[in-house]
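*Asks:* Sequential numbering of the sequence shown, starting at 1029, is according to our numbering.
Cβ coordinates follow ideal geometry from the N, Cα and C atoms, glycine included.
On a predicted model such as this, the values are computed, not experimentally measured, just so you know.
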Amino acid sequence: MNPGGANVVAALQTAGAAMVDPAGRSWEWGGAIWRCLGFLSEATGRSMCAVSVIDRSGRLLVLGDAGSADQEQLCAMYGGGLRNDLLVTEPGGALSTALVAVARPRLVAVPTAQGDHTAAAPDGYTVTRTAVDGDLRFSGSRRGLIEDA
């Protein structure tokens, strides 16, 4: 697991999550169903995971460091289980066309630092970027997750 992933796991455990299982099983915490979608990165050989969070107000998919090749592997492994309202990309904003087609997000958020290069938005999507738009906030609604104004 990379250092960022280890920090996330530690924070979840500190906040009361009893167990984080990267084997694809889910757990409930804070009223949401959490699932670590584990895979082995073809580019680096590291064990990695994307995180899926689902509650009655919407679905979120956080890619972590999953680059385009990793995203295609996620599609092959998890298929329609990747469907979401909000997709948080890897830091550069790269998205494989396969993932966009399978996940069908309504919103795309790119975590970036000021001055970082980011990939172009997929056709038909408005992308929010933390380096440009600052902190991003989303709320659940009847239509799923929506960006707060």
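1) So, using beta-carbon positions, are D1113 and L1065 closer together than 8 angstroms?
2) Between D1176, A1038 and G1152, which lies nearest to R1132 when the distance is taken from Cα to Cα?
3) So, helix, strand or coil for E1118, using DSSP?
4) DSSP beta-bridge partners for R1132?
5) Should Q1099 and L1091 be called a contact, given that it needs their Cβ atoms to be closer than 8 angstroms?
6) If you reduce the DSSP assignment to three classes, tell me which class S1096 lands in.
*Replies:* Let me spell this out:
1) By the CB criterion at 8 angstroms, D1113 and L1065 fall outside the cutoff.
2) The option with the nearest alpha carbon to R1132 is G1152.
3) E1118 carries a coil assignment under DSSP once its states are collapsed to helix, strand and coil.
4) Beta-bridge pairing links R1132 to no other residue.
5) For Q1099 and L1091, yes; Cβs fall inside 8 angstroms.
6) Looking at S1096 - three-state DSSP - the assignment turns out to be helix.
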